[in-house]
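Novice: Just so we're aligned: 1033 in the numbering used here is position 70 of the sequence shown, and the numbers increase by one with no gaps anywhere.
The structure is given below, and queries will be raised subsequently.
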Amino acid sequence: MSTFTVSGLSAGYQGHPVISDVALTVAQGEAVALAGRNGMGKTTTLKALMALSSPRVTAGSIRFGQTELAGRKPHDVARAGIGYVPQGRRIFPSLTVSEHLDVVARPGHWTVKKVHDLFPRLAERSSHRAGTLSGGEQQMLAIARALMTNPRLLLLDEPSEGLAPRVVRQVGDIIRLLHDSGVGVLIAEQDLSMVRRVSDRVYFIDRGSVAAELPTSELSERDDLLDLYLGV
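Encoded structure:
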């Protein structure tokens, strides 16, 4: 079993630190939430984990099983078995749904057929340009695109952002299904209903650092943390 282990992770933009000494773990098949208000460092953390060119990682270890990923390139992180669903979906409007899936496909469990089984709406719209899809359909496409890389760990950044409550529930059901199938999940999210719906554990991030951790089952008993870190 491959555990994803982050320790001492610090990163920032143009010399300005944003996250500092972040530590977290995600076991195989576990769903973990990184929760916090906007601007607290959730997106920066996920981008740093994916080794994107910005932010710049200044310290820390990122291990997936026995493989050290700190200092590697994004394609190395992806090949190690980590998929990424970015904030705002980041689909390519001029490409069709089918082209989005084909361009990133890697051998493994997730095939176009299996993705279509999971997202029947995408199957119906496979020849449509992604820019014509609704927000919910674009989010489904972003998740499907990540699955086509056949990840063992999936990072999702604010998957509920900008979606109607009904669609948020659908996305949550899909994330839970992936988690139940054995894919590890790390979800950066400020929507408490989504956090409760999909995660086993929660890390609260505040001003760039992990401030608290607890099982999701204990959230209802910790109104103090919800108020402090989510403003709920």
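Where is the CB? At the ideal position from N, CA and C, for every residue including glycine.
In the DSSP assignment, the beta strand (DSSP E) including T1006 goes from what residue to what residue?
Specialist: Residue numbering aside, residue 1006 sits at position 43 when the sequence shown is read from its first letter. Not the beta strand (DSSP E): T1006 falls in the alpha helix (DSSP H), residues K1005 to L1012.
Novice: Does the structure place the region 1130–1145 close enough to the region 1155–1175 that three or more beta carbon pairs sit under 8 Å?
Specialist: Counting Cβ pairs under 8 Å, three or more are found: they touch.
Novice: List the residues that DSSP assigns as beta-bridge partners of P980.
Specialist: The residue given as residue 980 occupies position 17 in the sequence shown. Partner(s): G975.
Novice: Can you tell me whether P1178 is helix, strand or coil according to DSSP?
Specialist: Position 215 of the sequence shown holds residue 1178. DSSP places P1178 in strand when its eight states are reduced to three.
Novice: Cα-Cα, which of S983, A1043, I982 and I1137 is closest to N1113?
Specialist: Residue mapping note: residue 1113 aligns to position 150 of the sequence shown, counting from 1. Cα-wise, what sits closest to N1113 is A1043.
Novice: Fully enclosed by the region 998–1070, which beta strand (DSSP E) runs are 3 residues long or longer?
Specialist: If we require 3 residues or more, the beta strand (DSSP E) runs fully inside the region 998–1070 come out as 1019–1027 and 1045–1048.
Novice: So what does DSSP say about R1132, is it helix, strand or coil?
Specialist: For the purposes of this step, residue 1132 is taken as the residue at position 169 of the sequence shown. In this structure, R1132 counts as helix in the three-state DSSP scheme.
Novice: In whole angstroms, what separates the C-alpha of M1157 from that of R1000?
Specialist: Taking the first residue of the sequence shown as position 1, residue 1157 is located at position 194. Taking the first residue of the sequence shown as position 1, residue 1000 is located at position 37. So the alpha carbons of these two residues sit roughly 14 Å apart.
Novice: Check for me: the beta strand (DSSP E) holding L1117 runs from which residue to which?
Specialist: Residue numbering aside, residue 1117 sits at position 154 when the sequence shown is read from its first letter. Run containing L1117: L1116 to D1120, per the beta strand (DSSP E) assignment.
Novice: The alpha helix (DSSP H) that contains V1146, what's its start and end?
Specialist: Residue numbering aside, residue 1146 sits at position 183 when the sequence shown is read from its first letter. Careful: V1146 lies outside any alpha helix (DSSP H) and carries neither H nor E.
Novice: Taking A1105 and R1069 to be in contact with their CB atoms under 8 Å, please state how far apart those CB atoms are, rounded to whole angstroms.
Specialist: Along the sequence shown, read from residue 1 onward, the residue named residue 1105 stands at position 142. Along the sequence shown, read from residue 1 onward, the residue named residue 1069 stands at position 106. Their Cβ separation, rounded to whole angstroms, is 17 Å, which puts A1105 and R1069 out of contact at 8 Å.
Novice: In whole angstroms, what separates the C-alpha of Q1205 from that of S1057?
Specialist: Because the chain is modelled from 964 through 1195, residue 1205 falls outside the range shown and cannot be assessed.
Novice: Measuring CB to CB, does L1015 end up less than 8 Å from T1008?
Specialist: As a first step, residue 1015 is located in the sequence shown; it is residue number 52 there, counting from the start. As a first step, residue 1008 is located in the sequence shown; it is residue number 45 there, counting from the start. Cβ atoms of L1015 and T1008: not closer than 8 Å.
Novice: Residues in its own chain within less than 7 Å of H1079 by CB, not counting five upstream and five downstream?
Specialist: As a working note, residue 1079 is residue 116 in the sequence shown. Correct list, in chain order: L1085 and A1086.
Novice: Tell whether a beta-carbon distance below 8 Å holds between I1168 and P1122.
Specialist: Taking the first residue of the sequence shown as 1, we reach residue 1168 at position 205. Taking the first residue of the sequence shown as 1, we reach residue 1122 at position 159. No, they are not a contact pair.
Novice: Using the Cβ count rule (16 or more neighbours within 10 Å means buried), how would you classify P1206?
Specialist: Not covered by the structure: residue 1206. The range shown for the chain is 964 to 1195.
Novice: Determine which residues share a DSSP beta bridge with I1168 and list them.
Specialist: Position 205 of the sequence shown, counting from 1, holds the residue named residue 1168. I1168 pairs with V1173.
Novice: From Q1102, S1089, D1039 and L1012, pick the residue whose C-alpha is nearest to that of I1137; which is it?
Specialist: Position 174 of the sequence shown, counted from the start, is the residue given in the question as residue 1137. Nearest of Q1102, S1089, D1039 and L1012 to I1137, Cα basis: Q1102.
Novice: On the three-state DSSP scale, how would you describe L987?
Specialist: Numbered from its first residue, the sequence shown carries residue 987 at position 24. Strand at L987.
Novice: Once the 5 residues before and after G1046 are set aside, which same chain residues still bring their CB inside 6 Å of it?
Specialist: For the purposes of this step, residue 1046 is taken as the residue at position 83 of the sequence shown. Cβ within range, chain order: A1109, T1112, P1114 and L1117.
Novice: Alpha helix (DSSP H) containing E1087: first to last residue?
Specialist: What you label residue 1087 is simply residue 124 of the sequence shown in a count that begins at 1. Segment P1083 to E1087, the alpha helix (DSSP H) holding E1087.
Novice: Going along the chain, which residues of its own chain have a beta-carbon closer than 7 Å to the beta-carbon of G971, five neighbours each way excluded?
Specialist: For this step, residue 971 is matched to residue 8 along the sequence shown. Cβ within range, chain order: D984, A986, A1022, G1023 and S1024.
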